[in-house]
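Chains as they are written, first to last, in this note's numbering: chain A, 11 to 490; chain B, 501 to 743.
Glycine included, C-beta positions come from ideal geometry on N, C-alpha and C.
The structure appears right after this line, and notes come after that.
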């Protein structure tokens, strides 16, 4: 219990869910060394090659230092003061919704999350209420019929070792950066998804699984492989506010898109951002990258980022196959003392490759919001095309918006366009909305949603509606 | 009533009573305070009311927020309607109408009821249904913006509508459509205050009273014939009298 108390105290935040129940966790001591890495691998019953992979990653991590180039003010992180394995994580069990923090319930209601999901998300025992097991079983059957594999990465290591071995680390090598090395050494769990040749996945993957996905932990690892001619739309994250006793998050997502295949990946990230004074909150250092490996492959990232105290995230795409197409649509919102440095990388290698970047930053309070994007056109990338649009919206006069576009074009036939705008919500707009009977907070929500519409419209319908409400809620108290 | 902006007194003693069923026209040379009067009544926080009181349907208007005034039935037709990119006109109006209904203890309209209302009210000013699916005022022509103001007025059915130079920048046809629309909306239960420079608007919207505002005061009031006289002779005779 002492350790847990310490972690909660580290969050610098009054944790409201009352950890009164003894949680059966199997923990290993704080800190990281080869022994800990071996122990994690052993506890998960992993094959030797994976243990060796983790160890190589760990040894490489020791030689690295945290990146400092981002426009972020990151407090020092003591990596020896973190517990790297604690499983299974059990949420505190509550008996009814009456025991749930009223503020959290209010947010749930505003988001319009169904009661059953509210209960699951806040840790109320739901067995009798929600028939989630049968829903899941039905879905699993439909997926299995099509030959689609969708399971945890641990299960995949056990059941489909050859697939995992072939693709794990193939897009994001462990040595890519400090956090990818750390993740490769200690990743806890995550999702694995494989769409076979020519199969069109008939449903938004993970829509029904987001409740379970909410507890995946701090070093998440996701691997998605779309075989030739296949299609999948994948959703990750949750609009509901998420708290976690782990302050540091370092996830890795890898996507492999083969010839003629298409992957749409949508994220809504709403980790605890810290309080109004900037205390606490999650540090989110994520590496997401996909490769359009075959010709005519298509990959699209859509992200809505409203949470975390610190966000360091650049979902990227390597356009290796000829005629491949990549898109990045992003809304990043920061309020109070949040900091975000986020953007994308588009690496054009194949011929006739096209990429499109639409980034909408929104800063309020005293937050700092940066867009950082790289467009690289390699020598052989004949007729590459890129269009980038980076907009910033400022609310109030104490926040900051920054844009860092990088271009590296080595083929003269390339066309690379970059447009950027910065705007503020004007007094005139607010007065106009007020005069039509809208309260200022509703007016700001409306204006912000209008501004972010181009990105929100890329999200799957149900998610888009929740994301709209989320933007409005995250801005509460930022005006007037 | 007196009002300041940035320490400078713009309205220097306005006395005006508008009853249900009446149409008032406010005219006057540039810079006389006409638009300020409209803004102050709507509650624009740029202006500070230094003296006096305003009663609206028995309530102290100056104590109400901008949105409360609106929900109680005060409408301002803007001289320069602002653009709100990405927010569709229909979405904007749905929020506005439902806020007003909530304020009056009514249930929000169903999607069907709302669409029917949109169709009916956009016909009042011959506003194309294409415009209601576009972003608020974005890419609207001058005429479309003004029609859009009157369309919103029709949707919100105000007790008092203040129309700030709704006729400026309109061609002859658009002027007729906008002015006819305003007239159609006028009933014995509501009142309209039109701020204008030109008599021609008043050919369609026939005022019961015409007031001349000069240097923050109403210096003369009359009936419709006053507007015709002003059109023919200008303001000089009144200003000379006043001074």
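Residue-level contact to chain B via CB, residue i, 7 angstroms cutoff
{"i": "residue 439(A)", "result": "yes"}
{"i": "residue 456(A)", "result": "yes"}
{"i": "residue 370(A)", "result": "no"}
{"i": "residue 99(A)", "result": "For residue 99(A), the predicted model reports a pLDDT of 48, less than 50, meaning its position is unreliable; a value from the coordinates is still stated below. Judged by the 7 angstroms Cβ criterion, residue 99(A) is not in contact with chain B."}
{"i": "residue 434(A)", "result": "no"}
{"i": "residue 444(A)", "result": "yes"}
{"i": "residue 448(A)", "result": "yes"}
{"i": "residue 304(A)", "result": "no"}
{"i": "residue 461(A)", "result": "yes"}
{"i": "residue 220(A)", "result": "Because the pLDDT at residue 220(A) is just 42, under 50, the model does not fix this residue reliably, and the value given afterwards should be weighed accordingly. Output row for residue 220(A): interface = no."}
{"i": "residue 224(A)", "result": "With a pLDDT of 42 at residue 224(A), under the threshold of 50, the modelled position of this residue cannot be trusted; read the value that follows with caution. By this cut-off, residue 224(A) is not an interface position."}
Collapsed DSSP secondary structure at residue i in the structure displayed
{"i": "residue 704(B)", "result": "helix"}
{"i": "residue 413(A)", "result": "strand"}
{"i": "residue 725(B)", "result": "helix"}
{"i": "residue 353(A)", "result": "strand"}
{"i": "residue 238(A)", "result": "coil"}
{"i": "residue 270(A)", "result": "coil"}
{"i": "residue 460(A)", "result": "helix"}
{"i": "residue 193(A)", "result": "helix"}
{"i": "residue 343(A)", "result": "strand"}
{"i": "residue 426(A)", "result": "strand"}
Residue closest to residue i, alpha-carbon to alpha-carbon, out of the options
{"i": "residue 366(A)", "options": "427(A), 482(A) and 447(A)", "result": "427(A)"}
{"i": "residue 458(A)", "options": "371(A), 58(A), 387(A) and 442(A)", "result": "371(A)"}
{"i": "residue 159(A)", "options": "168(A), 181(A) and 205(A)", "result": "205(A)"}
{"i": "residue 442(A)", "options": "544(B), 526(B), 729(B) and 618(B)", "result": "544(B)"}
{"i": "residue 333(A)", "options": "344(A), 306(A) and 274(A)", "result": "306(A)"}
{"i": "residue 625(B)", "options": "738(B), 715(B), 555(B) and 674(B)", "result": "674(B)"}
{"i": "residue 740(B)", "options": "724(B), 720(B) and 731(B)", "result": "720(B)"}
{"i": "residue 737(B)", "options": "513(B), 535(B) and 714(B)", "result": "714(B)"}
{"i": "residue 246(A)", "options": "67(A), 274(A), 167(A) and 239(A)", "result": "274(A)"}
{"i": "residue 633(B)", "options": "622(B), 516(B) and 643(B)", "result": "622(B)"}
{"i": "residue 172(A)", "options": "378(A), 60(A), 108(A) and 449(A)", "result": "60(A)"}
{"i": "residue 322(A)", "options": "47(A), 84(A), 54(A) and 69(A)", "result": "84(A)"}
{"i": "residue 642(B)", "options": "628(B), 535(B), 572(B) and 667(B)", "result": "667(B)"}
Residue i at chain A interface by Cβ criterion, 7 angstroms
{"i": "residue 544(B)", "result": "yes"}
{"i": "residue 681(B)", "result": "no"}
{"i": "residue 601(B)", "result": "no"}
{"i": "residue 510(B)", "result": "no"}
{"i": "residue 658(B)", "result": "no"}
{"i": "residue 695(B)", "result": "no"}
{"i": "residue 589(B)", "result": "no"}
{"i": "residue 586(B)", "result": "yes"}
{"i": "residue 576(B)", "result": "yes"}
{"i": "residue 719(B)", "result": "no"}
{"i": "residue 570(B)", "result": "yes"}
{"i": "residue 665(B)", "result": "no"}
{"i": "residue 618(B)", "result": "no"}
{"i": "residue 662(B)", "result": "no"}
{"i": "residue 505(B)", "result": "no"}
{"i": "residue 567(B)", "result": "yes"}
{"i": "residue 596(B)", "result": "yes"}
Where the alpha helix (DSSP H) containing residue i begins and where it ends
{"i": "residue 87(A)", "result": "No alpha helix (DSSP H) contains residue 87(A), which DSSP labels as neither H nor E."}
{"i": "residue 472(A)", "result": "471 to 484"}
{"i": "residue 79(A)", "result": "Careful: residue 79(A) lies outside any alpha helix (DSSP H) and carries neither H nor E."}
{"i": "residue 651(B)", "result": "642 to 656"}
{"i": "residue 528(B)", "result": "Counting along the chain, residue 528(B) falls outside any alpha helix (DSSP H), and DSSP gives it neither H nor E."}
{"i": "residue 562(B)", "result": "Element bounds for residue 562(B): n/a, residue is neither H nor E."}
{"i": "residue 619(B)", "result": "611 to 624"}
{"i": "residue 68(A)", "result": "58 to 72"}
{"i": "residue 637(B)", "result": "Careful: residue 637(B) lies outside any alpha helix (DSSP H) and carries neither H nor E."}
{"i": "residue 444(A)", "result": "437 to 445"}
Terminal residues of the beta strand (DSSP E) in which residue i lies
{"i": "residue 281(A)", "result": "Per DSSP, residue 281(A) belongs to no beta strand (DSSP E) and is neither H nor E."}
{"i": "residue 550(B)", "result": "547 to 551"}
Closer than 6 angstroms: residue i CB and nearest the ligand ADP heavy atom
{"i": "residue 408(A)", "result": "Within the structure as shown, the ligand ADP is missing, as the structure has no ligands at all."}
Examine the Cβ distances between the region 339 to 355 of chain A and the region 370 to 385 of chain A and report whether three or more of them are shorter than 8 angstroms.
yes
Quick check: the region 201 to 212 of chain A against the region 231 to 239 of chain A, are there 3 or more CB pairs under 8 angstroms?
yes
Using 8 angstroms as the Cβ pair cut-off and three pairs as the minimum, do the region 656 to 664 of chain B and the region 673 to 692 of chain B touch?
yes
Give a yes or no on contact between the region 393 to 413 of chain A and the region 431 to 438 of chain A, applying the rule of three or more CB pairs nearer than 8 angstroms.
yes
Segment contact flag, the region 295 to 311 of chain A with the region 174 to 190 of chain A, C-beta cutoff 8 angstroms, min 3 pairs:
yes
Does the count of Cβ pairs from the region 582 to 591 of chain B and the region 454 to 469 of chain A closer than 8 angstroms reach three?
yes
Pair every Cβ in the region 678 to 689 of chain B with every Cβ in the region 504 to 515 of chain B, then say whether three or more of these pairs are closer than 8 angstroms.
no
Stretch-stretch touch, CB-based, cutoff 8 angstroms, three pairs: the region 550 to 564 of chain B with the region 719 to 734 of chain B
Result no; under three Cβ-Cβ pairs closer than 8 angstroms.
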